[in-house]
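Peer 1: Sequence positions in the sequence shown follow this note's numbering and run 706 to 925.
We put the CB at the ideal spot given by N, CA and C, even for glycine.
One structure, pasted below without further comment.
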Amino acid sequence: MSNSRPFVLRRSEIVVSPERLSMLGDAVFAIAITLLALDITVPEGLHDSEVPHALRELLPAIGAYLLSFVVIGILWLTQHALFRRIATVDRSLLYLYFALLAVVAALPFPTKLLSEYGQTAAATACYSGAIALSLGFLCAMYLRLLAAPALAAPDADPEELRKTVRRNILHILVFVTAIPLAFWSPGLAKYWWLLVIPVRAVHRTPAPAAPAPAGEQPGN
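Here it is, written out as structure tokens:
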């Protein structure tokens with residue numbers, strides 16, 4: 706009778722640093738922003754009298770482009786703020802970040818839907834869902850840092866992490882609630898997105914105070 710044990714494949718350890726992972730993210734964010742502009746085109750061979758009409762037809766595409774440019778820019782700034790609080794990347798953080806990058810890389814698709822079929826509930830709900838999903842992955846990464854403090858940087862304040870989580874949850878709720886609202890009124894759902902502005906204003910994290918020059922006492 707053989708006493709051999711079944712073969713078990715060990716899972717390799719994560720060896721990527723937060724800096725290199727952030728560099729990968731920078732590339733994905735840059736490509737996604739670049740792809741947004743590819744749909745802003747006019748037909749070739751237009752007569753002079755047809756150009757103004759063609760430009761007016763581009764307004765929805767330009768609006769969707771500007772909206773997604775701002776969204777991707779905010780996501781990029783948020784993920785950089787997150788990586789400043791990460792000292793070590795574990796498998797959970799890696800998977801969550803790859804999921805975030807997958808959604809960001811695909812954002813040109815719901816952006817195109819919004820530019821071409823923005824008056825429909827399906828396109829508006831799809832865009833809302835994509836933004837909610839990306840914010841959800843970011844929020845999950847912050848929650849992972851709270852659940853595993855050993856992964857966080859030494860200067861990462863748990864209370865600030867919790868404040869960021871609460872703010873992100875409110876942002877997610879805005880876009881999640883916009884999904885059923887879109888099936889009642891796509892236009893109203895788009896205005897509903899504007900609620901993130903007062904949410905960000907109320908929950909804005911104050912910038913850290915600059916250190917006092919050497920030899921100068923604070924308050925002098």
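#1: From the DSSP secondary-structure annotation, give me the bridge partner or partners of A857.
#2: Leaving aside the five residues before and after L819 along the sequence, list all residues of the same chain whose C-beta is less than 6 Å from its C-beta, in chain order.
#3: Please identify the residue among L875, Y822 and L856 whose C-alpha is closest to the C-alpha of A844.
#4: Does the Cβ-Cβ distance between Y802 and F842 come in under 9 Å?
#5: When the Cα atoms are used, what is the spatial distance from F734 to A887?
#6: To the nearest whole angstrom, what separates the beta carbons of A857 and I779, a pair I think is in contact under 8 Å?
#7: Quick check: the Cα distance between A855 and L838, rounded to an integer number of angstroms?
#8: How about M846 and L805: do their beta carbons lie closer than 9 Å?
#9: Which residues bound the alpha helix (DSSP H) around A742?
#10: First and last residue of the alpha helix (DSSP H) that includes F842?
#11: Taking buried to mean at least 16 other C-beta atoms within 10 Å of its own C-beta, is P911 buried or exposed?
Peer 2: Judging by the given coordinates:
#1: Answer by DSSP bridge pairing, in chain order: I791.
#2: A769, A828 and Y832
#3: One point to set straight first is that residue 844 is Cys, not Ala, in the sequence displayed. Here the closest residue by C-alpha is L875.
#4: yes
#5: 27 Å
#6: Between I779 and A857 the Cβ distance is about 22 Å, and since that is not below 8 Å, they are no contact.
#7: 26 Å
#8: yes
#9: It is not in any alpha helix (DSSP H) - A742 carries neither H nor E in the DSSP assignment.
#10: For F842, the enclosing alpha helix (DSSP H) stretches over residues A826 to A852.
#11: For P911, the predicted structure reports a pLDDT of 49, less than 50, and the residue's modelled location is therefore unreliable. A value from the coordinates is still provided. By the neighbour-count rule (16 or more Cβ atoms within 10 Å), P911 is not buried but exposed.
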